[in-house]
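Q: Here's a structure for you.
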Amino acid sequence: MRSSALVSSVALAVASVSHADIFQYFDCDGNGSLLLTELDAEPFVDLSGLYLGCADLFEAFLLGANLSGAFLNIANLSDANLSDADLTGADLTGAILSGANLTGANLTFANLTGADLSGAFLNIANLSDANL
Numbered sequence: 061m062r063s064s065a066l067v068s069s070v071a072l073a074v075a076s077v078s079h080a081d082i083f084q085y086f087d088c089d090g091n092g093s094l095l096l097t098e099l100d101a102e103p104f105v106d107l108s109g110l111y112l113g114c115a116d117l118f119e120a121f122l123l124g125a126n127l128s129g130a131f132l133n134i135a136n137l138s139d140a141n142l143s144d145a146d147l148t149g150a151d152l153t154g155a156i157l158s159g160a161n162l163t164g165a166n167l168t169f170a171n172l173t174g175a176d177l178s179g180a181f182l183n184i185a186n187l188s189d190a191n192l
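Quick note, the sequence shown lines up with residues 61 to 192 if you use the working numbering.
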């Protein structure tokens, strides 16, 4: 009963996000939250505050996206285009950002503990008060 209520809550929350088709399937880390397995996001999509932990966002086109306060821990953002994205206060603990384009991204107060930033483009990115 609890899991169906959670799925219903997630479905309602996801339905209100504009320009994104999000499909949730299973709990990947055992904490009661669900895995994002597909995202068809458009530039400037608002995903602020959403739980996107363990998400597979390989090569996602998230130009100018609002991901402020989003939980992206252990997410795969390899080769994603996050240029000019707002990641203020986002939790990117253990996220894979190798080859990601973070040009002009705002990572103020973001948690990047254990994140893989190898080959990431960080030109003019704001890392003020970020936890590296």
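We put the CB at the ideal spot given by N, CA and C, even for glycine.
Ordered along the chain, which non-local residues of its own chain (more than five positions away) have a Cβ less than 6 Å from that of PHE104?
A: GLY124
Q: Out of curiosity, what's the CA-to-CA distance linking GLY174 and ASP151?
A: 11 Å
Q: Going by DSSP, what residues sit across from ASN126 in a beta bridge?
A: ASP106, ASP146
Q: For ASP176, list the residues DSSP reports as bridge partners.
A: ILE156
Q: Please state if the CB of ASP139 and the CB of PHE118 are separated by a distance shorter than 9 Å.
A: yes
Q: Would you kindly check if the distance between the Cβ of LEU162 and the Cβ of LEU142 is under 9 Å?
A: LEU162 sits close to LEU142, with the two beta carbons spaced by under 9 Å.
Q: For SER178, count the other beta carbons within 10 Å of its own beta carbon; 16 or more makes it buried, fewer makes it exposed. Which is it?
A: exposed
Q: Could you give the DSSP three-state label for ILE184: helix, strand or coil?
A: coil
Q: When you compare each of LEU192, CYS114, GLY149, ILE134 to ASN126 by their alpha carbons, which one comes out closest?
A: GLY149
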